[in-house]
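J.: Using my numbering, the first residue of the sequence shown is number 42, and each one after it goes up by one.
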Amino acid sequence: MSPRFAPEYDEGRWLLKALREAAYELEAQLWGLDEAELRWRLADDAWCLKEIAAHLRDCEEHFLQSLELVVFQEQARIPAFDADALVLERDYREIDLEGALEGFAYLRHRAVNLLWSMAPDWERTGLHPYLGPVSIAQLARQQSEHDLEHLWQARRLRERLAERTPSSR
């Protein structure tokens, strides 16, 4: 038997795939749950599934804005962003979940298309007030890691919900 060809690891390709699939994974974690389940928290200071969805949408808006600045402006200045403050300011437990999911998917689609159009020129940088120079590759990597953190959080929360209320799900 002849050896199989194994392509080289391509981080940009992997990141595009991970970023593209995040919106679908988030929707899968929320599928079939009622309003009480979507608003349920493990503790008073923990986030519910609706808050996770709204947080991801708002972070995606900032991610896309940052990408567009770096792509379209010379010496772009990326604004600082306090995503955690928005959880309280915008009362995420009261959001329209369908609208938040659609918003996240739409913004993510735009971001992935922009990243795709820039490949392989992901070393272009913008200046962040706290992090200093940040490349497109770093922005994409950070966003993917952020997605994974919150998708894992949603999955654990969904599992705890299933333990709490066994049903035919």
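For every residue, glycine included, the Cβ atom is placed at its ideal position computed from N, Cα and C.
1. By the three-class DSSP mapping on this structure, what secondary structure does Gly73 have?
2. Among residues of its own chain, excluding the 5 on either side of Arg165, which ones have a beta-carbon nearer than 8 Å to its beta-carbon?
3. Relative to the C-alpha of Arg118, which candidate in His169, Asp99, Gln106 has its C-alpha closest?
4. Less than 6 Å between C-beta atoms, sequence neighbours within five positions excluded: which residues of the same chain meet that for Arg149?
5. In terms of residues, what are the limits of the beta strand (DSSP E) holding Leu168?
6. Look at the Cβ atom of Ala59, then the Cβ atom of Leu108, and state whether they are nearer than 8 Å.
7. Using CA coordinates, which residue listed in Phe104, Arg182, Asp75, His103 is at the minimum distance from Lys91?
8. In its own chain, which residues sit with a C-beta less than 6 Å from the C-beta of Arg199, not counting the 5 before and 5 after it?
9. Tell me where the beta strand (DSSP E) around Pro44 begins and ends.
10. Taking only three categories from DSSP, how would you classify Arg82?
11. Phe104: which of Trp88, Asp51, Gly167 sits nearest, CA to CA?
12. Could you give the distance in angstroms between the alpha-carbon of Leu238 and the alpha-carbon of Asp125?
13. In this structure, how does DSSP classify Ser209 when only helix, strand and coil are distinguished?
T.: Walking through what the data contain:
1. The three-state secondary structure of Gly73, taken from DSSP, is coil.
2. The beta carbon of Arg165 sits closer than 8 Å to those of Val111, Val112, Met159, Ser176, Ile177, all from its chain and outside the five residues before and after it, given in chain order.
3. His169
4. Ala64, Glu101
5. 166-169
6. No, they are not a contact pair.
7. The alpha carbon of Lys91 has as its nearest neighbour, out of Phe104, Arg182, Asp75, His103, the alpha carbon of Asp75.
8. Gln70
9. It is not in any beta strand (DSSP E) - Pro44 carries neither H nor E in the DSSP assignment.
10. coil
11. Checking every option, the nearest Cα to that of Phe104 belongs to Gly167.
12. Since the first residue of the chain shown is 42 and the last is 210, residue 238 is not available in this structure.
13. Its pLDDT being 47, under 50, Ser209 is placed unreliably by the model, and nothing is read from it.
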